[in-house]
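Going down the list, the protein sequences come from chains A and B.
Sequential numbering of the first sequence, starting at 14, is according to the working numbering.
Sequential numbering of the second sequence, starting at 14, is according to the working numbering.
By construction, the Cβ of each residue, glycine as well, lies at the ideal position given by its N, Cα and C atoms.
None of the values given here were measured: they were computed from a predicted structure.
Below: the structure, in structure tokens.
2 protein chains.
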Amino acid sequence: MSEGPYATGAYGADPSRYQFIPRVLVFIKHEDSVVLVRRSKHKKLWPGRYNAPGGHIERGEDPHQAAMRELAEETGLQPKTLVLRGLIVAETGLSGSGILVFVFSGETDLTPLRPSDEGDPVWIRRGQWKTLDLLPDLPQLLELTFDQPDFFYLYKQPQECDGEDVRVWLSPVR
Amino acid sequence: MSEGPYATGAYGADPSRYQFIPRVLVFIKHEDSVVLVRRSKHKKLWPGRYNAPGGHIERGEDPHQAAMRELAEETGLQPKTLVLRGLIVAETGLSGSGILVFVFSGETDLTPLRPSDEGDPVWIRRGQWKTLDLLPDLPQLLELTFDQPDFFYLYKQPQECDGEDVRVWLSPVR
Numbered sequence: 014m015s016e017g018p019y020a021t022g023a024y025g026a027d028p029s030r031y032q033f034i035p036r037v038l039v040f041i042k043h044e045d046s047v048v049l050v051r052r053s054k055h056k057k058l059w060p061g062r063y064n065a066p067g068g069h070i071e072r073g074e075d076p077h078q079a080a081m082r083e084l085a086e087e088t089g090l091q092p093k094t095l096v097l098r099g100l101i102v103a104e105t106g107l108s109g110s111g112i113l114v115f116v117f118s119g120e121t122d123l124t125p126l127r128p129s130d131e132g133d134p135v136w137i138r139r140g141q142w143k144t145l146d147l148l149p150d151l152p153q154l155l156e157l158t159f160d161q162p163d164f165f166y167l168y169k170q171p172q173e174c175d176g177e178d179v180r181v182w183l184s185p186v187r
Numbered sequence: 014m015s016e017g018p019y020a021t022g023a024y025g026a027d028p029s030r031y032q033f034i035p036r037v038l039v040f041i042k043h044e045d046s047v048v049l050v051r052r053s054k055h056k057k058l059w060p061g062r063y064n065a066p067g068g069h070i071e072r073g074e075d076p077h078q079a080a081m082r083e084l085a086e087e088t089g090l091q092p093k094t095l096v097l098r099g100l101i102v103a104e105t106g107l108s109g110s111g112i113l114v115f116v117f118s119g120e121t122d123l124t125p126l127r128p129s130d131e132g133d134p135v136w137i138r139r140g141q142w143k144t145l146d147l148l149p150d151l152p153q154l155l156e157l158t159f160d161q162p163d164f165f166y167l168y169k170q171p172q173e174c175d176g177e178d179v180r181v182w183l184s185p186v187r
């Protein structure tokens, strides 16, 4: 367990291997409404746009705990259920690291939401999603999470000039 | 997308964040038998002991693809089903990286198995597990995967002297 750029850790952990920067994304529903967060204008990434609550997994957390924490921090909600619905792997252009997003969905009562420095959380009804300035992949993720029963794997790679390559794989949950 | 120790990648990827070295572990079943691999004697880690097939996720793969590839490489099997059953987060003692293991289960016919450099794959009947030199966490993982219906999150941290702290969280799959 000695430290160093390529020292090996417990369980044979080898930090010279390809790694993931882990995040969570949480879709919380009540009937046909879902909680989105309008990102603060001071955010470097995507200021003022709507995303689902979420953030990075910190050391000491499993993905489920991180999802509960981020949801509480950004909306004040404690959902009745919280289920892992899919995984996103995104290439980043960095030599050693991709991004891995754990996508959760859950249900809660139609509770008042508590804003944070991250942004303002709002209940959005299904028909209204299209009128908002959503993050680009949000419509597809809402569909994969709520409109089909399978577990999903989404892999995406940014393109040289613009846009991205996306592939989706669906797999039964049992 | 410029490179450098702490350059930011696509989608705001920040490699100074805590990261996971991603692995897969695959339990393939036929009736009451499961495929284990007796690790080659030349392996640095756990030589000669029995583990489930598995290995590292490589760049360009999602976890499901990695599980299919590792299973094919180590056993020759192409399972009829392959379902994500749980996640293991393990602290490593390294400053910036934990290990994340995606645990899959699947079913296949009772097919002949093909050995590889990694070790010899064998069909093991349930009653025989206890007589083998298994990796330490395998009995618990077999139980979590096959003897209960929920999705599991297992978090473990090696102890200073010996052994490890383990906590388990179960969550419905729907």
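- Of all residues in the segment 73–103 of chain A, only Gly73, Glu74, Asp75, Pro76, His77, Gln78, Thr94, Leu95, Val96, Leu97, Leu100, Ile101, Val102, Ala103 come within less than 9 Å of chain B when Cβ atoms are compared, listed by chain position.
- In the same chain as Leu147 of chain A, and ignoring 5 residues on each side of it, the C-beta atoms closer than 6 Å to its own belong to Tyr63, in chain order.
- Counting along the chain, Leu147 of chain B sits inside no alpha helix (DSSP H), nor does DSSP assign it H or E at all.
- Apart from sequence neighbours up to five positions away, the residues of its chain that approach Ser184 of chain A with a beta-carbon distance below 8 Å are Asp163, Phe164, Phe165, Tyr166, ordered along the chain.
- Exposed is the label assigned to Gln172 of chain B, since fewer than 16 other Cβ atoms lie within 10 Å of its Cβ.
- When Cβ pairs closer than 8 Å are counted between the two stretches, the segment 30–48 of chain A is seen to touch the segment 101–113 of chain A, the count reaching three or more.
- In the three-state DSSP reduction, Pro134 of chain B falls in the strand class (E or B).
- Contacts with chain A at 7 Å (Cβ-Cβ) do not include Val50 of chain B.
- Here His43 of chain B carries a strand assignment [DSSP, helix/strand/coil].
- Cβ contact annotation for Thr121 of chain B (same chain, cutoff 7 Å, sequence separation greater than five): Ile41, His43, Leu90, Pro92, Lys93, in chain order.
- Runs of the alpha helix (DSSP H) lying entirely within the segment 51–88 of chain A, each at least 4 residues long, are 76–88 in chain order.
- By the CB criterion at 7 Å, Ala80 of chain B and Val39 of chain B fall inside the cutoff.
- For Phe164 of chain B, the neighbours in chain A by C-beta distance under 8 Å run, in chain order, Val96, Leu97.
- Proximity of Gln32 of chain A to chain B, defined by a Cβ-Cβ separation below 7 Å, is satisfied.
- At the C-beta level, Thr158 of chain A and Leu126 of chain A stay beyond 7 Å of one another.
- The way I'd put it, the segment 46–64 of chain B does touch the segment 128–146 of chain B; three or more beta-carbon pairs between them come closer than 8 Å.
- In this chain, the beta strand (DSSP E) harbouring Trp182 of chain A covers 177–184.
- Counting every other CB atom within 10 Å of its CB across the protein chains shown gives Asp75 of chain B a total of 16 or more, marking it as buried.
- Annotated as proximal: Tyr168 of chain B and Val102 of chain B, with beta-carbon spacing under 7 Å.
- Looking from the CA of Ala85 of chain B, the closest CA among B:Asp130, B:Asp150, B:Arg30 belongs to B:Asp130.
- Excluding the 5 residues flanking it on each side, Trp182 of chain B has same chain C-beta neighbours closer than 6 Å at Tyr166, in chain order.
- At a cut-off of 7 Å between beta-carbon atoms, His43 of chain A makes no contact with chain B.
- Listed by position along chain A, the residues whose Cβ is nearer than 8 Å to that of His69 of chain B are Arg30, Tyr31.
- For Pro149 of chain B, the closest Cβ of chain A is not nearer than 7 Å.
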